[in-house]
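For reference, the structure discussed in these notes is given below.
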Amino acid sequence: MVDEKKGGRISPAAESGTSTVHDAQSRSSDTDAASGHVRRTSTDNEKQPPPQQQNGAGRSGAGNKGDDTANPSGKREIRMHDPAVYAKLGYSFPTWKKWWIITVIFWIQLSMNFNTGVYANGVKLFAEHFSISEQAARVGQLWAPWSEELGRKPIMQLSLLLVNIWQLPCALAPNYASIVVGRILGGLSSAGGSVTIGMVADMWEPEDQAIPVLYVVFSSVGGSSIGPLIGPFSEAYLGFRWIFWLQLIFGGFVQALHFLTVPETRSSILLDREAKRLREEEGQDVWGPNELKEKRFTTRGVLTTMGRPFYMLATEPIVLCCSLLSGFSDALIFTFMEGFMLVYEQWGFEAPLTATTFVPIWIGYIIAVISYLYPIRKFDKARRRDPDSITPESRLWWLLFLAPLEGIGLFGFAWTSQGPPTTHWIAPMIFSVLVAIANLGIYYSTIEYMMAAYGPYSSSASGGNAFMRNGLAGIATMYSTPLFNNLGYQWASSLLGFLAFAVTAPIFLFYWKGEWVRSRSKFAQSLAEDRKENQGGRMEKSHHAPNDTEA
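Take the sequence shown: its position 339, counting from 1, is numbered 339 in full-length UniProt numbering, and each next residue is one higher.
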């Protein structure tokens with residue numbers, strides 16, 4: 001399901017890049033590392049590298065067998081398996097520090113997604129103030145969910161700063177065009193929320209990541225429903241400009257909290273710093289991984305890296321189907337932001353009372369998180385007994401039970417939304433809980449499955465997933481209100497229910513036939529070859545992958 005103690009597991013740690021590479025030309029990026037065959041037994045106060053790192057048996061570069069002088073330049077690269085060096089990395093942070101860091105990241109995710117969700121409450125106000133149609137006023141929602149994968153602390157800070165800056169032209173806008181431009185630029189600047197899984201992988205070994213990853217996923221999906229909880233109060237009492245001032249206040253707070261309390265966690269950066277310290281203070285002739293790269297970026301490498309998510313989305317059935325499923329599920333939440341307001345108006349829910357209609361969404365997310373504790377424990381025990389019994393498809397087991405709840409919830413919502421006196425308002429809320437449970441489960445399990453199936457290229461696979469989630473969610477804000485108005489509340493939700501059953505069907509196919517599908521995947525085959533050569537050690541990139549060029 002999630003992380004493995006000994007084998008068969010490539011998890012979101014794939015994003016971290018935690019091992020030190022002896023051959024500088026064999027490293028892709030520290031956000032593309034992956035592992036699943038190491039077992040660590042240590043305490044927070046005395047962290048030790050995984051056994052394969054300690055004895056030098058792990059393969060981190062082609063042709064390297066653990067020698068200290070394998071770099072073509074003749075310079076000796078710092079070794080992560082040295083306990084003194086390993087103690088400087090995020091893995092060795094005390095438990096309280098790790099959880100504080102991802103709690104700050106949790107709030108950053110809420111802030112980023114709050115910006116997306118709260119806008120819907122301003123549509124009517126924008127239309128009235130600027131004398132435009134409500135459909136035109138929804139254009140500003142289209143760009144809000146977009147983000148890019150960029151980096152750790154400096155990039156996070158830059159991203160948050162730009163997002164906050166672009167709130168100003170929106171809050172002070174003399175016309176609606178200014179709001180649209182500000183939303184576009186703010187959305188394109190929102191890269192910070194996309195590095196959270198990588199930060200988890202910087203601090204936890206793969207076998208320890210289950211709960212932290214679940215925590216981060218919860219913040220990601222939960223943030224989109226924070227806006228509708230707060231937005232109606234702003235709509236009712238503060239006016240449309242305060243929608244942006246609230247975003248700026250929230251964003252400024254989390255940026256300051258991140259700047260003051262969150263250190264750099266990226267392993268290659270920390271290794272560079274330690275190598276520099278050892279040279280300056282102890283006179284050791286050691287160099288960090290980035291210091292040994294002659295060309296960190298080439299045009300061909302950058303284009304290959306940027307294009308790989310789209311290449312995998314177009315050529316890998318697993319990536320395409322999981323991304324469509326995850327994207328459709330996310331789009332439902334944004335559709336609900338519009339549909340909820342229309343449906344619950346029948347029972348007299350006006351701003352700010354409409355905020356209460358999103359409470360069931362949060363209840364559903366909490367139930368989903370709690371429900372995953374059982375399969376996490378179940379598969380942890382299975383790994384201890386027989387590591388080979390855990391396959392990438394195992395990550396989909398719990399989703400087999402949760403995914404159908406999406407279609408069931410949508411149909412139930414559809415035919416209990418007739419309004420009084422036919423139905424009570426509590427009925428559609430109950431079915432909303434089912435949709436939320438499925439939404440979190442789909443996001444979590446599909447990401448986990450792709451991490452396991454694609455190893456070093458899981459960041460590219462999840463990049464395609466993010467593209468579909470962000471794209472479909474942004475588009476959903478444009479069609480949702482016309483959909484409900486033109487088809488009617490019952491048939492609009494019923495249509496979504498039919499689509500939900502259609503896009504969740506491949507989950508069952510992959511669970512039973514995923515190994516067969518992966519056997520015909522070029523990327524998955526290359527990963528299998530590298531796992532064989534690597535004998536279960538960490539891998540930062542596949543040396544057999546199609547169309548792969550070093551950046």
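Using N, Cα and C, we set each Cβ at its ideal position, and we do this for glycine too.
Alpha carbon of residue i to alpha carbon of residue j, nearest angstrom
| i | j | result |
| --- | --- | --- |
| residue 110 | residue 222 | 7 Å |
| residue 13 | residue 461 | In this prediction, residue 13 has a pLDDT of 35, which is less than 50 and means its spatial position is unreliable; what the coordinates show is noted afterwards. Distance between the alpha carbons of residue 13 and residue 461 is about 14 Å. |
| residue 234 | residue 216 | 27 Å |
| residue 377 | residue 394 | 13 Å |
| residue 183 | residue 169 | 9 Å |
| residue 484 | residue 271 | 54 Å |
| residue 508 | residue 438 | 15 Å |
| residue 241 | residue 173 | 9 Å |
| residue 87 | residue 454 | 29 Å |
| residue 230 | residue 354 | 10 Å |
| residue 268 | residue 202 | 10 Å |
| residue 412 | residue 338 | 18 Å |
| residue 493 | residue 276 | 59 Å |
| residue 620 | residue 416 | Because the chain here runs from 1 to 551, residue 620 falls outside it and cannot be looked at. |
| residue 121 | residue 253 | With a pLDDT of only 47 at residue 121, under 50, the local geometry of the prediction cannot be trusted, and the value read off the model is given with reservation. Taking the straight line from one Cα to the other gives about 22 Å. |
| residue 342 | residue 418 | 11 Å |
| residue 92 | residue 207 | 15 Å |
| residue 476 | residue 285 | 56 Å |
| residue 410 | residue 482 | 18 Å |
| residue 280 | residue 262 | 26 Å |
| residue 290 | residue 310 | 27 Å |
| residue 520 | residue 102 | 37 Å |
| residue 185 | residue 243 | 17 Å |
| residue 407 | residue 331 | 14 Å |
| residue 316 | residue 237 | 49 Å |
Counterpart residues of residue i in DSSP-defined beta bridges
| i | result |
| --- | --- |
| residue 287 | 77 |
Test item: CB-CB of residue i and residue j under 8 Å
| i | j | result |
| --- | --- | --- |
| residue 405 | residue 434 | yes |
| residue 251 | residue 157 | no |
| residue 104 | residue 274 | no |
| residue 489 | residue 396 | no |
| residue 264 | residue 153 | yes |
| residue 443 | residue 329 | yes |
| residue 421 | residue 347 | no |
| residue 333 | residue 224 | yes |
| residue 83 | residue 232 | no |
| residue 257 | residue 100 | no |
| residue 383 | residue 390 | yes |
| residue 160 | residue 255 | yes |
| residue 197 | residue 181 | no |
| residue 480 | residue 335 | yes |
| residue 75 | residue 287 | yes |
| residue 414 | residue 497 | yes |
| residue 218 | residue 365 | yes |
| residue 226 | residue 340 | no |
| residue 360 | residue 429 | yes |
| residue 487 | residue 495 | yes |
Nearest to residue i (by Cα), restricted to the options the options
| i | options | result |
| --- | --- | --- |
| residue 357 | 367, 348, 344 | 344 |
| residue 516 | 242, 392, 277 | 392 |
| residue 292 | 77, 514, 247 | 77 |
| residue 278 | 79, 509, 493, 514 | 79 |
| residue 522 | 442, 329, 308, 333 | 308 |
| residue 209 | 451, 231, 479, 181 | 451 |
| residue 204 | 369, 89, 237, 288 | 89 |
| residue 249 | 164, 212, 268, 312 | 164 |
| residue 402 | 417, 369, 112 | 369 |
| residue 466 | 319, 201, 253 | 319 |
| residue 200 | 288, 285, 95, 381 | 95 |
| residue 469 | 177, 440, 494, 493 | 440 |
| residue 246 | 497, 219, 312, 171 | 171 |
| residue 375 | 359, 364, 387, 399 | 399 |
| residue 349 | 430, 425, 312 | 425 |
| residue 228 | 486, 476, 379, 362 | 362 |
| residue 259 | 155, 316, 367 | 155 |
| residue 367 | 436, 211, 386, 237 | 436 |
Interface flag, residue i vs chain D, CB-CB below 8 Å
| i | result |
| --- | --- |
| residue 261 | Annotation note: the requested chain D is absent from the structure, which comprises a single protein chain. |
Check: Quick one: any contact between the region 499-513 and the region 320-337, if contact means 3 or more CB pairs under 8 Å?
Finding: Contact between the region 499-513 and the region 320-337 is established, with three or more Cβ pairs separated by less than 8 Å.
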